[in-house]
Every structure is written in C-alpha cells, then in structure tokens.
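Down below is the structure, laid out as structure tokens.
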Amino acid sequence: MFRWILGGREAQGSVEKSPVLCIGEEQPKNWFTELQVLKGHFDIVRFLVQIDDFRCASAGDDGLILVWNIETGERLQELRGHSQQITAITTFTCSNGLTSLITASSDRSLSLWDPDTGNRVQTISDLQSSVKCLLVLERLCVCVSGGEELCVWNRDFQVLCHRQNHSDTGITALIELPKNCLAAAMDKEIVIYRLTVSTDSSLSLAEIRCLSDHREQIRALINVNDRSFASGSHGGELILWDAVDWNILGYEHILWEESRPCAQAEIRLAAPKPSEMSIQHLTTDGKHILAAVGSGLYVYSVLTKKVVAYRKVAHDSNVLHTMLLSDSELMSCSEDGSVRMWEIQDLPLPAEPASPGFFGMWTFGRSNKQSGPPSKKVTDVPNVRTLELTGDLIGHSGAVQMFVSFRENGLVTCSADHLLILWKNGERQSRLRSLALFQKLEESGGL
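For the sequence shown, counting from 1, position 303 maps to 302 in numbering that gives the first Met the number 0; every step adds exactly one.
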C-alpha cells in the first residue's frame, strides 16, 4: 500500500515469493491508508500493551517504557528506571479502577508505574533471576511472575508466596485457569498450580498436575474460552486442553509435505529448517485458534477440532504475531518487516494439497505417545478454505515484533527498527479533519 512512499521491499532469504502474495498498489479492502511514525526508542521495540481506549505503552531492549496517545501520536510519558532490556510488561487494574503498568527487566527488577504521571510507584530489585512473563489476577488483585521461580505479589510488591521450579528454561508463559488455578509453560511441560486463600487472607501455592504431552519446547500458551486453553510447541504440535480437568480435547501436528519420486507421498516431521514448523504465536476469538507456524498461518476450529484454513507461506520470513479481527478476517506480522491482512474465503488452495497430518485429531496421554509421526498418504480433505491476502502494510525496515488494534481508532505496530507506526483509516481521518475544520469555522463566525 505504501510502496510509492517508502519504496519496495525485496523478499529476504531464498524463499520464493508466490505471485498471489504480491498484492500490488490497489488494495480496496485495506483501510489503513494513512500512517504516522512514532519515534522515541533507540533499540528494538518488542512489546505493546493497551492501557485504555486511547493510550498504549511500548517497551523494548533500551529499557524505556513510553506511553502514547494513539489519537494524536503524542508521546505522553517516558518511564525510566530499568538499566537493561524489558522482558515483560502488563497492565494492573484493581477495584479502584486505576490502571498501572508492571514491567520486568533483565536487570532482575520489577517495577510498578503510574502511566498518568510517569512515576515509579514501587520497585523490587536484586531478584534471584530475570522475570520472563507476568500474569495479573484481577479478581484476587495479585500479580504472578514467572522465570526460574514462580512468585505471587500483592499491589505493594510484597511476595505472598513462591515456588522454585527445576526447569533449565524456566517458566516462559502463564495463563489463568478456573478455580484459582494457573498454567505455567516450562520447556516441554505445562504445570498446573492452585492458589488457595486461607481464612486469614494469606495465599498458598501448590503444584497439582504436570502435563507432559508435548514432544518439543512449548512456545505459546493461551486461554481460548472459559472451558479450554491451547498450547503450541517448537515441533508444530497444537494441543487444545480442557481448562477444568486438563484433559486433551484436540491435537494437531502441523507437518510439511515433501515432494517424493514415489507415488505414495509421505508426511514427515523433518522440515528444511527447524524453525519452519515452530508455533511462534497463538491467538483466539473463542471459536477459532490462529497459529503462526514458521512463515505460515493456520486457522483451527475449536468446535470441529480441525484446521479449516491455512496458508503455508504467508510471509517471506517467520510470523511473529497474529490477530483474529472477525470470523473471516485476520492479521499477521513478520520478521520480513510487513504487516498483512487476510480474508478466509471459500476457495481451494492452489497448488497446496491438504495433507492429513494437518487435519487429524488424536487424543493421547503419556502412556501412548508415539516416538514419531506415522507416514500417511495425501488425501483430499473437504471444506478446507483459503487465506486470501487483502492488505500489505509496508513501513517498517526491520522485523515487526507485534501490533495492537484500537479498532476504528487505528493500529499500532512496533519493530526492530526502533520505531512505532500508527496506522489509520485515511477516509475516516479525512472526515474527522473536515468536521473539526467546520466546527472551528462555525465557532469563529466563518460560516
């Protein structure tokens, strides 16, 4: 869309670009026709978090946290205090309705910030290890941090309880489950913890279950709805779990199909590059799960437990972040520096026959795990839909790490190029400017 402003971008690496992925200048379904570049960071910007309807915070490797007004693009606050890169950031809203920011850094500190004033309200330094992930339990008004240990903090940053874990990788992801439970991803396992509130209001933390059904390191962990959650691994395993009894509801192993001289094609685990089948990111709308797998995208139905649409090569490099905008629209960003809009359409995938490794569902436990995937013939799978490229947002010169949607108010992206870009609906912005001009003329008696 913005090639005439910013120049074209060649495909990175040796990946051959499919003609359907070169959308060109005319993009009638891409409403992001106006952009504003936001400067302030001086290193990779890895995180964006929405504070309210009109503000977001950005953070990254420079240790800065910047608060932005997404209506105007104005930098509202600059939060300084961390000496090394930010490793996690989240919002913390309690019963008083005020929203704070919690940040963790490689300098082994946690900080609580007031985004309205820019003040650091609380800080904890000299932690035993860096915090890799944060989870706020608003109902209990506590924050949980994960790394080499699992800690539960109150709003005053006092440790209420903690547990040491014995994984080399530490805790890399946390989600909240029903009945005061937590799920923590540690290497190939998901550990279920239960928080118990005593009569004296003290909290205790107990490990009650360990789910060891992944064969590779877990890269993504998300809540799907009140009854289920999902996890994705480096080996392309997508598992849908029951959120209450933690049984497996559905299992998909996303495998690449390789061309073979013999008539009976086989589906193999091996891929040209190990990263190509790694699930980097999962997102959901409660009915579907969108998985970023290497440079491809896969839409999995929670109801039917099947992949209903996919695009094996959606970007020129690994997809880093995704979002389901509606039942038929989604968005993705990549290491190739692009942000792309997609539409699920009732069309067959050209030159991409569906393989049964994508669409089978196997329920399995520890006792019946297979040492490797079975070889299967390629068969036709009905009702598989295609992802059609509808918009290509080109503005960043480095890997786009993630984005946050403010719906009609715009989209914010952050990148390894140290920049944020605020993407707007050009027609809507033009109408708003015209309305503001007429109001100003009317007030000054010009009409």
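Even for Gly, the Cβ is constructed at its ideal location relative to N, Cα and C.
The structure displayed is predicted, hence computed values, not measured ones.
Open item on the list: If you follow the beta strand (DSSP E) that T116 is in, where does it begin and where does it stop?
Closed with: Here residue 116 is taken as the residue at index 117 of the sequence shown, counted from 1. Counted as a single uninterrupted DSSP element, the stretch harbouring T116 is not any beta strand (DSSP E), since DSSP gives it neither H nor E.
Task: Reduced DSSP category for A87 - H, G, I as helix; E, B as strand; rest coil - done: Locating residue 87 in the sequence shown gives position 88, counting from the first residue. In the structure shown, A87 sits in a strand (DSSP, three-state: E or B).
TODO: Tell me whether L97 sits in a helix, a strand or coil according to DSSP, three-state version.
DONE: Position 98 of the sequence shown, counting from 1, holds the residue named residue 97. Note: L97 maps to coil in three-state DSSP.
TODO: Label L434 either buried or exposed according to how many other C-beta atoms from any shown protein chain fall within 10 Å of its C-beta, with 16 as the threshold for buried.
DONE: Here residue 434 corresponds to residue number 435 of the sequence shown, with the count starting at 1. Answer is exposed; the Cβ neighbour count stays below 16.
Open item on the list: Taking the alpha carbon of A415 as the reference point, which residue from S333, D51, D125, D241 has its own alpha carbon closest?
Closed with: On the sequence shown, position 416 is the one that residue 415 refers to. Taking only the C-alpha atoms, the option nearest A415 is S333.
TODO: Find the nearest neighbour of D60 within the set S82, Q76, Q49, judged by alpha-carbon distance.
DONE: Position 61 of the sequence shown, counting from 1, holds the residue named residue 60. Looking at the Cα atoms, S82 is the closest of the given residues.
Open item on the list: Run through the DSSP bridge pairs and tell me what E251 is partnered with.
Closed with: Your numbering for residue 251 matches position 252 in the sequence shown. BP columns for E251 point to L237.
Open item on the list: Which of the three DSSP states is assigned to K439 in this structure?
Closed with: Working through the sequence shown from its first residue, we reach residue 439 at position 440. Residue state, collapsed to three classes: helix.
- [ ] Could you tell me if P177 is buried or exposed, where buried requires 16 or more neighbouring beta carbons within 10 angstroms of its beta carbon?
- [x] Counting from 1 along the sequence shown, the entry for residue 177 is found at position 178. Exposed, by the Cβ-count rule.
TODO: State whether the segment 63 to 75 contacts the segment 126 to 140, with contact taken as three or more CB pairs (one from each stretch) at a distance under 8 Å.
DONE: no
Task: Whole-angstrom distance between V298 and H287, CA atom to CA atom - done: Counting from one through the sequence shown, the residue named residue 287 turns up at place 288. Counting from one through the sequence shown, the residue named residue 298 turns up at place 299. Roughly 7 Å between the two C-alpha positions.
Open item on the list: Runs of 3 residues minimum, wholly inside the segment 185 to 232: which ones carry the beta strand (DSSP E) assignment?
Closed with: 188 to 196, 202 to 210, 217 to 224, 227 to 232
- [ ] For G62, name the three-state secondary structure that DSSP assigns.
- [x] The residue you call residue 62 lines up with position 63 of the sequence shown. Looking at G62 - three-state DSSP - the assignment turns out to be coil, as it is neither helix nor strand.
TODO: Answer yes or no: do A103 and S144 have a C-beta to C-beta separation smaller than 8 Å?
DONE: Counted from its first residue, the sequence shown places residue 103 at position 104. Counted from its first residue, the sequence shown places residue 144 at position 145. For A103 and S144, yes; Cβs fall inside 8 Å.
Task: C-alpha distance - E426 paired with R432, whole-angstrom precision - done: For this step, residue 426 is matched to residue 427 along the sequence shown. For this step, residue 432 is matched to residue 433 along the sequence shown. Taking the straight line from one Cα to the other gives about 10 Å.
- [ ] With DSSP collapsed to three states, give me the class of Q49.
- [x] In the sequence shown, the residue the question calls residue 49 occupies position 50. Note: Q49 maps to strand in three-state DSSP.
- [ ] Tell me L136's beta-bridge partners as DSSP assigns them.
- [x] Looking up residue 136 in the sequence shown gives position 137. In DSSP, L136 forms a bridge with V141.
- [ ] Can you give me the Cβ contacts of S227 inside the same chain, cut-off strictly under 8 Å, excluding the 5 residues immediately before and after it?
- [x] Locating residue 227 in the sequence shown gives position 228, counting from the first residue. In chain order, L239, W240, D241, A242, L248, V301 place their CB closer than 8 Å to the CB of S227, counting only its own chain and leaving out the 5 sequence neighbours on each side.
- [ ] Grab the span of the beta strand (DSSP E) containing L388 for me, first residue to last.
- [x] Within the sequence shown, the letter at position 389 stands for residue 388. Looking at the DSSP string, the run of the beta strand (DSSP E) that includes L388 is 384 to 393.
Task: Residue environment, C209, which counts as buried when at least 16 other CB atoms sit within 10 Å - done: Here residue 209 refers to the residue found at position 210 when the sequence shown is read from its first residue. Exposed.
TODO: To the nearest angstrom, report how far apart M401 and V383 are at their CA atoms.
DONE: One-based indexing of the sequence shown puts residue 401 at position 402. One-based indexing of the sequence shown puts residue 383 at position 384. If I take the Cα positions, the gap works out to 28 Å.
TODO: Output yes or no for whether 8 Å exceeds the beta carbon distance between I50 and T86.
DONE: Here residue 50 refers to the residue found at position 51 of the sequence shown. Here residue 86 refers to the residue found at position 87 of the sequence shown. For I50 and T86, no; Cβs fall outside 8 Å.
- [ ] Assign R430 to one of three DSSP states: helix, strand, or coil.
- [x] Reading the sequence shown from its first residue, position 431 is the one you call residue 430. It is helical.
TODO: Could you say which of D345, L126, G39, F156 lies nearest to Q163 if we only look at CA atoms?
DONE: Start at 1 with the first residue of the sequence shown, and residue 163 comes out as number 164. Answer by Cα proximity: L126.
Task: Straight-line gap, C150 to V196 (C-alpha atoms, nearest Å) - done: Start at 1 with the first residue of the sequence shown, and residue 150 comes out as number 151. Start at 1 with the first residue of the sequence shown, and residue 196 comes out as number 197. Roughly 15 Å separates the two Cα atoms.
- [ ] Can you grab the Cα-Cα spacing for the pair V141 / F437, in whole Å?
- [x] Working through the sequence shown from its first residue, we reach residue 141 at position 142. Working through the sequence shown from its first residue, we reach residue 437 at position 438. Cα to Cα, V141 sits roughly 49 Å from F437.
Task: Short Cβ contact (8 Å threshold) for E387 with E328 - done: Here the question's residue 387 lines up with position 388 in the sequence shown. Here the question's residue 328 lines up with position 329 in the sequence shown. No.
Task: Residues that DSSP places opposite A56 in a beta bridge - done: Locating residue 56 in the sequence shown gives position 57, where the first residue counts as 1. Bridge partners of A56: V48, V66.
Open item on the list: Suppose the cutoff is 6 Å on Cβ atoms and the five residues either side in sequence are ignored; what does the same chain contact list for Y309 look like?
Closed with: Here residue 309 refers to the residue found at position 310 when the sequence shown is read from its first residue. Cβ neighbours of Y309 beyond the five flanking positions: Y297.
TODO: Drop a sphere of 10 angstroms on the beta-carbon of P114, count the other beta-carbons inside from all chains shown, and report buried for 16 or more, exposed for fewer.
DONE: As a working note, residue 114 is residue 115 in the sequence shown. By the neighbour-count rule (16 or more Cβ atoms within 10 Å), P114 is buried.
Open item on the list: Taking the straight line between their C-alpha atoms, what separation do you get for S429 and T32?
Closed with: For this step, residue 429 is matched to residue 430 along the sequence shown. For this step, residue 32 is matched to residue 33 along the sequence shown. Near 11 Å, if we compare the C-alpha coordinates of T32 and S429.
Open item on the list: Only counting the same chain, and skipping five residues up and downstream in sequence, which positions put a Cβ closer than 6 Å to that of K423?
Closed with: For the purposes of this step, residue 423 is taken as the residue at position 424 of the sequence shown. E33, G409.
Task: Beta-carbon spacing of I174, A182 below 8 Å - done: Residue mapping note: residue 174 aligns to position 175 of the sequence shown, counting from 1. Residue mapping note: residue 182 aligns to position 183 of the sequence shown, counting from 1. Yes, Cβ-Cβ distance for I174 and A182 is below 8 Å.
- [ ] Measure the alpha-carbon distance for R214 versus H417 and round it to whole angstroms.
- [x] Sequence index remark: in the sequence shown, residue 214 carries index 215 (1-based). Sequence index remark: in the sequence shown, residue 417 carries index 418 (1-based). Inter-residue distance for R214 and H417 is about 36 Å (C-alpha atoms, whole angstroms).
Open item on the list: Please state the DSSP three-state secondary structure of R339.
Closed with: Locating residue 339 in the sequence shown gives position 340, where the first residue counts as 1. Residue state, collapsed to three classes: strand.
Task: Proximity below 8 Å, CB of L476 to CB of S232 - done: Because residue 476 is not part of the residues shown, which for the chain are 0 to 446, the question remains open.
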